[in-house]
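Taking it in order: structure first as structure tokens, then the write-up.
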Amino acid sequence: MAHTTVATAPGKSIWDGGVSPMGASYGKLMMWFFLLSDAFTFSGLLITYGLVRSSHQAYQGTIDAFTFSTEYWPVPEKVFEAVPFLHGVELPLVFVGIMTFILIMSSVTMVLAVEAGHRMDRKAVEKWMLWTILGGITFLGCQAWEWTHFIVGTGTPTVKTIFDSVTGLSQQIDVYGANLHVNQYGPQTFANFFFFITGFHGFHVFSGVLLNFLIYYNTVTGVYDRRGHYEMVEKVGLYWHFVDLVWVFVFTFFYLV
Amino acid sequence: MAHHSNEPQVTVLPPDKAKIMHLWKVAGILLAVTVAEFAVAFLVPHEFHTTRVAIFVAMTIVKAAYIVGEFMHLKHEVKVLIWSILIPMVFVVWMLVAFVYEGMKLSDIRFF
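Encoded structure:
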């Protein structure tokens, strides 16, 4: 939607009402401010991860000699090195890289849908929205696989010492995989942050797919043609790009650093 | 769609070739930076932790700038909108610095 700024009457400020000083419609502006608040939520999660991680001991040895221990924070590339159908092959971060690629590509198809909407090209909007929905669903599928792998764990257990307060004795247990009670890969909070950060992002992807489908449905039924503009595609597009943007930060601060 | 008589007459404009090319170019940059991040992850040894983190953060900011600026079109909005979105980010930067510093101090107390 192109917005033209209306000229103001002499002696009146553009903030006195009747014009759009920010050059964006109400809906688009509110989407921007919603995304700003959502950015604060994600920042809260990622920065708390930084706080907790930097308050734990870092792994000191060489990268080749790395083993999982609950004593120090794990090296992420040693945790996320599995790829579907390639069981037992160590491919650090490859699967996360594929997921990043999928999400960036679906962001591109979304922006192409927005471009088609500007031209009132219903067929092109339908095509690009379908590709975007497909990208979102594929990403969610990848995440489901990654979660399953993380929860089930590798074949080698990590030994964890737990203190039994009733008997007063320490006991060693074998830990396979991770959940909110035990964690094979490192300190418990590492697993908790994995579930909360990627889970919260995944939930955003999920709701993004639902919104994208709604837009696709409205496009097919001709709602936007009757309305005379495709601004809804643009608004939901903003949300979808934001989901991609968050993944860029999760990718860096959770998987790479 | 059925052909209703009250169906609006919509004029479809031809694709804006230059704009579409530009969008694909931005996509190419984003993918290239991601590939470069992988290269850094495996070519720069883990001993240079600070260097690695600095490069990763810089590359992430580049990617974020392209996504927000081009895909979300913020770069082409009016100035007051750009600043209303960017200035609040100061709080995030401050929070990041403060909390990670706090975490390192906690680590000092717990382990040394």
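Those protein sequences? They're chains A and B, same order as listed.
Quick note: the first sequence uses the working numbering, first residue 1, plus one each step.
Quick note: the second sequence uses the working numbering, first residue 1001, plus one each step.
Cβ atoms here follow ideal geometry from the backbone N, Cα and C, with glycine treated the same way.
1) Leaving out the 5 sequence neighbours to the left and right, which residues in its chain are closer than 8 Å to B/His1046 when beta-carbon positions are compared?
2) Can we say the stretch 117-125 of chain A touches the stretch 98-106 of chain A, given the rule of at least three CB pairs closer than 8 Å?
3) For B/Met1104, does the count of other Cβ atoms within 10 angstroms reach 16, so buried, or fall short, so exposed?
4) By DSSP, does A/Thr148 sit in helix, in strand, or in coil?
5) With distances taken Cα to Cα, identify the nearest neighbour of A/Lys29 among B/Leu1074, B/Val1100, B/Phe1038.
6) Using a C-beta to C-beta distance shorter than 8 Å, which residues of chain A count as neighbours of B/Gly1103?
7) Would the stretch 1012-1022 of chain B count as touching the stretch 1094-1108 of chain B if we require 3 or more Cβ pairs under 8 Å?
8) I'd like the list of long-range same chain contacts for A/Gly177, defined as Cβ closer than 6 Å, with 5 residues on each side in sequence excluded.
9) Among A/Asp164, A/Ile173, A/Asn218, which has the Cα closest to the Cα of A/Ser69?
10) DSSP three-state label for A/Leu35, please.
11) Counting pairs of beta carbons, one from the stretch 180-197 of chain A and one from the stretch 39-52 of chain A, are three or more of them closer than 8 Å?
12) Could you name the residues of chain B that A/Val111 contacts, counting a contact when the two beta carbons are closer than 7 Å?
13) So the candidates are A/Val175, A/Phe80, A/Glu90; which of them puts its Cα closest to the Cα of A/Glu270?
14) To the nearest angstrom, how far is the alpha carbon of A/Pro187 from that of A/Thr158?
15) On the DSSP letters alone, give me the boundaries of the beta strand (DSSP E) that A/Thr158 sits inside.
16) Please name the residue or residues paired with A/Gln172 in a DSSP beta bridge.
17) Answer yes or no: does any C-beta atom of chain B fall closer than 8 Å to that of A/Leu93?
18) Have a look at the DSSP bridge pairing and note the partners of A/Ala191.
19) List, in chain order, every chain A residue whose beta-carbon is nearer than 7 Å to that of B/Ala1041.
20) Alpha carbon to alpha carbon, how far is A/Val233 from B/Pro1088? Give it in angstroms, no decimals.
21) If you measure from the beta carbon of A/Asp121 to each beta carbon in chain B, is any gap under 8 Å?
22) List, in chain order, every chain A residue whose beta-carbon is nearer than 8 Å to that of B/Val1053.
23) Could you say which of B/Ala1054, B/Leu1043, B/Ala1065, B/Val1090 lies nearest to B/Val1026 if we only look at CA atoms?
24) Going by DSSP, what residue range makes up the alpha helix (DSSP H) through B/Asp1108?
25) Please list the partners that B/Glu1078 has in chain A, where partner means a Cβ-to-Cβ separation under 7 Å.
26) Which residues in chain B have a C-beta closer than 7 Å to the C-beta of A/His241? List them in chain order.
27) Output needed for B/Val1044: all residues of its chain with C-beta closer than 8 Å, excluding positions within five of it in sequence on either side, in chain order.
28) Cβ atoms of A/Phe213 and A/Ile133: under 8 Å apart, would you say?
29) For B/Lys1017, would you say it is in contact with chain A, using Cβ-to-Cβ distances shorter than 8 Å as the test?
30) With 16 as the cutoff for other CB atoms within 10 Å, does A/Glu231 come out buried or exposed?
31) At a Cβ cut of 8 Å, what residues of the stretch 187-209 of chain A count as close to chain B, listed as they run along the chain?
32) Can you list, in chain order, the residues of its chain whose CB lies under 6 Å from that of B/Pro1008, leaving out five sequence neighbours each side?
33) Are the Cβ atoms of A/Phe203 and A/Leu45 separated by less than 8 Å?
34) Please state whether the Cβ-Cβ distance between A/Phe242 and A/Ile197 is less than 8 Å.
35) Is the Cβ of B/Ala1064 closer than 8 Å to any Cβ of chain A?
Let's see:
1) Hits under 8 Å: Arg1052.
2) Because the criterion of three Cβ pairs below 8 Å is not met, the stretch 117-125 of chain A and the stretch 98-106 of chain A do not touch.
3) exposed
4) Residue state, collapsed to three classes: helix.
5) In the sequence under discussion, the amino acid at residue 29 of chain A is Leu, which differs from the Lys named in the question. Closest option to A/Leu29, judged by alpha-carbon separation, among B/Leu1074, B/Val1100, B/Phe1038: B/Leu1074.
6) Gly50, Leu51, Val52, Arg53, Ser54, Ser55
7) no
8) Shown here for A/Gly177: same chain residues with a beta carbon closer than 6 Å to its own, the five before and five after excluded, namely Ile151, Val152, Gly153, Gln184 in chain order.
9) A/Ile173
10) helix
11) With the cut-off at 8 Å, the stretch 180-197 of chain A and the stretch 39-52 of chain A touch.
12) Leu1023, Phe1071
13) Past the boundaries of the shown model lies residue 270 of chain A; chain A is included only from 1 to 257, so the question cannot be answered.
14) 11 Å
15) 158-164
16) A/Thr161
17) yes
18) In the DSSP output, where bridge partners are listed per residue, A/Ala191 has none listed.
19) Simply Glu77, Leu93, Leu256.
20) 26 Å
21) yes
22) Val257
23) B/Ala1065
24) 1089-1111
25) Sequence inspection shows Val at residue 1078 of chain B; the Glu mentioned does not correspond to that position. Per Cβ cutoff of 7 Å: Met22, Gly23.
26) Ile1067, Phe1071, Met1072
27) Thr1051, Arg1052, Ile1055
28) The answer is yes: Cβ separation under 8 Å.
29) It does not; no Cβ of chain A falls within 8 Å.
30) buried
31) none
32) none
33) no
34) Their beta carbons are not under 8 Å apart, which means A/Phe242 does not touch A/Ile197 by this criterion.
35) yes
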